[in-house]
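J.: The listed protein sequences correspond, in order, to chains A and B. Quick note on the working numbering: the first sequence kicks off at 1 and runs consecutively. Quick note on the working numbering: the second sequence kicks off at 1001 and runs consecutively. For every residue, glycine included, the Cβ atom is placed at its ideal position computed from N, Cα and C. Please see the structure below; I have some questions.
Protein chains: 2
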Amino acid sequence: MTKMVKPLILITNDDGISSPGIRMLINQMNSLGDVVVVAPNSPQSGMGHAITINDSLRCDIISIDSGSQKEYSCSGTPVDCIKLGVHEILDRKPDLIVSGVNHGSNASVNVIYSGTMAAAIEGSMQGVPSIGFSLLDYSWEADFTEAEEYVLEIASKVLKNGLPNGICLNVNIPKMSNKKCNGIKICRQTIGKWIEDFDKRIDPNGKSYYWMTGAFKDQDGSDQSDIWALNEKYVSIVPVKFDLTAHESLIDITKILGL
Amino acid sequence: MTKMVKPLILITNDDGISSPGIRMLINQMNSLGDVVVVAPNSPQSGMGHAITINDSLRCDIISIDSGSQKEYSCSGTPVDCIKLGVHEILDRKPDLIVSGVNHGSNASVNVIYSGTMAAAIEGSMQGVPSIGFSLLDYSWEADFTEAEEYVLEIASKVLKNGLPNGICLNVNIPKMSNKKCNGIKICRQTIGKWIEDFDKRIDPNGKSYYWMTGAFKDQDGSDQSDIWALNEKYVSIVPVKFDLTAHESLIDITKILGL
């Protein structure tokens, strides 16, 4: 008789190890395999692909709830957590890396600022099929229950079928509030940008400081874009790659530089 | 008679406002236009596309040397500096954004971890022609003089001819040490990855901590790749885009998910 080896699943996020979004993700992944969590000990939203170069890292075993997962609380960024998990904590390469579930959208250009998605991108750089999940609700008390079936379905299929080399998935789930979601759409990243506004204030010592705020401007509107799909109450999935080369512009750049 | 308006150039980096690399860049750009520097007040290497969400920002006018530039020292990340520069400090949209000159390579996947390149990518997201410059020498005392002509040439041509929408340039310059560089090559991002190694130590209180180290593994070797060009003593230029969608995988993903 051969012993069945269960899939090994590494989990992280950027909202911190105790956030409701990652607790739901852990709970769902426990039904699919052996789960190891290596997640930040504090919120790391907006950390993008930051890594800790000039400081050391803490990574301590921790127990938060009664699930079958093993958990490590880490002082670093989401990308640090993936690197630590893959190269130090785990004794074999994981079969799947999942990140999230993020409290808030990572659609359109948010993918670039997102620690949740950076962790999934780092997973694909490590050669592991990886998915970042986000729910379009920024609140700590967001209701993740209606997202569970999509998280489980998408993770199961990626675990079974794998992903193309160098590609991870950016999955965003609309806020549903009792209405059923319309299904899943494979999309591209919406063309759009944040237009920042800086709120300038004076501290009690008479010195100025700023709070960054901003508004997102959708410059796309195509029915192939992730924000369109989310507005229509579909779960959006964008395949994301870490080869940033603009292959289609190589010849243009040669001309621009007169080479 | 009409008054000639000089080009407006915004400069940042990730090594900090007082680093030799940015001082060289400022000096060169002063010959091309009106220069405004908004750069981090401390080293921000490896910060990727991180932004400051949960804290306020300081941004104070400062004078470091005798050049004609205006300078602001900022408490945030390189991407924060670009957002502050474009939306708060400058009174019109800049004609060019340049970042660097980084002390050390940003070739291959380093582009994703680099604060220098994140600033250039953010520049392109703001609709401004943007370039990140890096010299393949990590030391603070790196000799930037032989890189000057390439920085000036590439910046001049981009200022004159612009760049395609959504594209910035990742320029890496080999360490030359008296031998002339062989010229400029337009390249793609080398396929490769960092394999991390964690140096585990015990602190005086008996608790463990880690230092992240690693070795880069080139999995490419093509003469179209940036690391190949740099090894052959060419300046490498990779056009970089912020649309992370793997357009070529949209159909594959539909099949993998059984949609």
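#1: Would you mind reading off the limits of the alpha helix (DSSP H) that contains T145 of chain A?
#2: What separation, rounded to the nearest whole angstrom, lies between the Cα atoms of K1217 of chain B and K1193 of chain B?
#3: Taking only beta-carbon atoms, is Q1069 of chain B less than 9 Å away from chain A?
#4: Compare the C-beta of R92 of chain A with all C-beta atoms of chain B and state if any pair is closer than 9 Å.
#5: Using CA coordinates, which residue listed in B:L1163, B:Y1138, B:M1176 is at the minimum distance from T254 of chain A?
#6: So the beta strand (DSSP E) K1200 of chain B belongs to, where does it begin and stop?
#7: So for M1047 of chain B, helix, strand or coil by DSSP?
#8: Taking the beta strand (DSSP E) that Y209 of chain A belongs to, which residues open and close that run?
#9: Name the two residues that bound the continuous beta strand (DSSP E) containing Y72 of chain A.
#10: What are the boundary residues of the beta strand (DSSP E) that includes D60 of chain A?
#11: Can you give the Cα-Cα distance for G214 of chain A and G76 of chain A, rounded to whole angstroms?
#12: In terms of residues, what are the limits of the beta strand (DSSP E) holding K241 of chain A?
#13: Beta strand (DSSP E) containing V1035 of chain B: first to last residue?
#14: For G1132 of chain B, which of helix, strand or coil comes out of DSSP?
#15: Which chain A residues sit within Cβ distance under 9 Å of V1158 of chain B?
#16: What residue range is occupied by the uninterrupted alpha helix (DSSP H) comprising K79 of chain A?
#17: Alpha carbon to alpha carbon, how far is Y138 of chain A from V1101 of chain B?
#18: Where does V109 of chain A sit, in a helix, a strand or coil, going by DSSP?
#19: Alpha carbon to alpha carbon, how far is R201 of chain A from S208 of chain A?
#20: Would you identify the three-state DSSP class for T116 of chain A, choosing helix, strand or coil?
#21: Of all Cβ atoms in chain A, is any one closer than 9 Å to the Cβ of D1095 of chain B?
#22: So, for E122 of chain A: in the same chain, excluding its five sequence neighbours on each side, which residues have a beta-carbon less than 6 Å away from its beta-carbon?
#23: Please tell me whether G48 of chain A and I112 of chain A are closer than 9 Å, where the distance is taken between their beta carbons.
T.: For this structure:
#1: Note, T145 of chain A: premise wrong, no alpha helix (DSSP H); not H, not E.
#2: 5 Å
#3: Chain A contact via Cβ: absent.
#4: no
#5: B:L1163
#6: 1192-1202
#7: M1047 of chain B falls in the coil class under three-state DSSP.
#8: Residues 208-218.
#9: 70-74 is the span of the beta strand (DSSP E), which, as asked, contains Y72 of chain A.
#10: According to the DSSP assignment, D60 of chain A belongs to the beta strand (DSSP E) that extends over 59-62.
#11: 27 Å
#12: Its beta strand (DSSP E) spans residues 235-241.
#13: 1034-1040
#14: strand
#15: The answer, in chain order, is I256, L257.
#16: The question names Lys, but residue 79 of chain A in the sequence shown is Val. Per DSSP, V79 of chain A belongs to the alpha helix (DSSP H) from 78-84.
#17: 37 Å
#18: coil
#19: The alpha-carbon atoms of R201 of chain A and S208 of chain A are separated by roughly 6 Å.
#20: Looking at T116 of chain A - three-state DSSP - the assignment turns out to be helix.
#21: For D1095 of chain B, the answer is no, since every Cβ of chain A falls outside 9 Å of its Cβ.
#22: V79, I82
#23: In terms of Cβ geometry, G48 of chain A and I112 of chain A form a close pair [threshold 9 Å].
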